[in-house]
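What follows is a set of notes on a single structure, which appears directly below.
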Amino acid sequence: MTNRLWVLGSAGWMPAAGCETSCLLVELDDELVMLDAGTGVANLALASEALERHDHLSIVLSHYHLDHVVGLMYLKRFVANMRVDVYGPGIPVYPRSTADYVSDLLQDALYSAGSEGFAREVRYHDYAGRDFYVGNVKVAVRPQRHSAPSFELRLADAVTYATDTTFSPAVWGAPAPTKVLLHECWQVGDGDPRHTSIEALVAGLPTDRFERTLLVHQNPEWDETARTEVARIAERHGMELARDGMVLPL
Ligand SMILES: [Zn+2]
Ligand SMILES: [Zn+2]
């Protein structure tokens, strides 16, 4: 089986044309893992052959902001016959469990299938700031700086996903290399201290530790000129803007 990553949602906050919110799908060592479940879940049809190969999906959430979880509501269309495990930070990082937060989101008045009815079997887990395993795949988590507790997620030596965080080289340190890094890039210039600018990444991101560095959680307010400018700066420094529908070998 080929190990692969699908970019299903490369925006933050709200979808823009062709740019859904945070969602990646990874097929790695016989496991199918989704990182965040924003509106990009709607793009799962792009990975239909992967869905056909598996009867189990693990979903790992970096945090519970809506642009990272609202797509749970679309899952039934794609995974109705699968078993699904959903992992979120939960207790004691947050005052309530992952099951509680998703139950609130998928409550009867808002969504008819409910938080346990969108797949054949749905289970919820709190990773509680600790590394864990999905099958043979190690999921390493690291706390980030954001407006609510969020976590960098790392799948074995294949994928590092760091979104909804400020970036500073001192805090980020020198993590073990992975094949692909997906890091957020929310702004041009400093503005929002809860997020990362292209300038901060240029100044301090050790892109040489990764075979490919893609920028995600892009700002849907960028117009074509801003987007082109960010893409140009990124390219000069060994990074590239992710696009929905990209498929990367791992
Ligand atoms: Zn976000
Ligand atoms: Zn957030």
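1419 is the number of the first residue of the sequence shown in the working numbering; add one for each residue after it.
The beta-carbon is built from N, C-alpha and C at its ideal position, and this holds for glycine as well.
None of these values were measured; they are calculated from a predicted model.
Handout entry: Own chain, CB closer than 7 Å to Ile1616, minus 5 neighbours either side, in chain order
Key = Cβ within range, chain order: Cys1603, Val1606, Val1648, Ile1651 and Ala1652.
Handout entry: Through-space distance from Thr1643 to Ile1509, alpha-carbon basis
Key = 43 Å
Exercise for the section: Can you check the region 1456-1532 for any beta strand (DSSP E) of at least 3 residues that lies completely inside it and give the ranges in chain order? Expected result: If we require 3 residues or more, the beta strand (DSSP E) runs fully inside the region 1456-1532 come out as 1474-1478 and 1501-1506.
Problem - Ser1568 Cβ short of 7 Å to ligand 2 heavy atom set - result: yes
Handout entry: Enclosing beta strand (DSSP E) for Gly1427 [first to last residue]
Key = Arg1422 to Gly1427
Handout entry: Integer Cβ distance of Cys1437 from Pro1638, believed to fall under 8 Å
Key = 6 Å
Exercise for the section: Starting from the N-terminal side, write out each stretch of the alpha helix (DSSP H) that is 4 residues or longer and does not extend beyond the region 1549-1605. Expected result: 1587-1590
Exercise for the section: Answer with yes or no whether the minimum CB distance from Pro1595 to chain B is below 8 Å. Expected result: Although the question refers to chain B, the structure presented lacks it and comprises just one protein chain.
Handout entry: At least 3 beta-carbon pairs within less than 8 Å: the region 1560-1567 vs the region 1515-1529
Key = no
Handout entry: Alpha-carbon to alpha-carbon, Thr1578 and Trp1424
Key = 14 Å
Handout entry: Where Ala1618 falls: helix, strand or coil (DSSP)
Key = helix
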